[in-house]
Amino acid sequence: MFFILKLLIGQNIGELFFISATSYYLFYEWPHFYYHLKSKSFLDSINWLYFLKKYHTLHHQKTKMNSWNFNLTIPVMDYLLKTKWKPPEIHKKN
Ligand SMILES: [Zn+2]
């Protein structure tokens, strides 16, 4: 796709697409994949990543999904937009 856009429109558009697509996968798709792993992962030993996994798990509760914890990678945005919800036990590891 990068090379097609580069040929058709120009190098800047091709590079912009490449950077945007790569960022999307790195900061949304891969973390989201990890958050939905049912089994234990070595990534669970990274505290901030484990916190984000638990944070996202709260989002998928049926009663919370439409209203709370929308942000996958930057939870502070939920705080700023007043869409943050967490029970007291979110900071504890299982
Ligand atoms: Zn999810």
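If you count by this note's numbering, then the sequence shown holds residues 800 to 893, one letter each, in order. Backbone N, C-alpha and C define an ideal beta-carbon position, used for all residues, glycine too.
In terms of Cα proximity to Thr821, the closest of Gly809, Phe841, His835, Met800 is Met800. In the DSSP annotation of this structure, Asp843 is not part of any alpha helix (DSSP H), being labelled neither H nor E. Contact between Leu842 and Leu848 holds: their C-beta atoms lie close to 5 Å from each other, under 8 Å. DSSP places Met876 in the uninterrupted alpha helix (DSSP H) bounded by 875 to 879. In chain order, the residues with a C-beta atom nearer than 7 Å to some heavy atom of ligand 1 are His831, Tyr834, His835, His855, His858, His859. Within the same chain, Tyr833, Tyr834 come within 7 Å of Lys852 by CB-CB distance, once the 5 residues on both sides are set aside. In the structure shown, Ile812 falls within a helical segment according to DSSP collapsed to helix, strand and coil. Using a 10 angstroms sphere on the CB of Tyr824, the tally of other CB atoms stays under 16, which defines it as exposed. The continuous alpha helix (DSSP H) containing His831 extends over residues 829 to 834.
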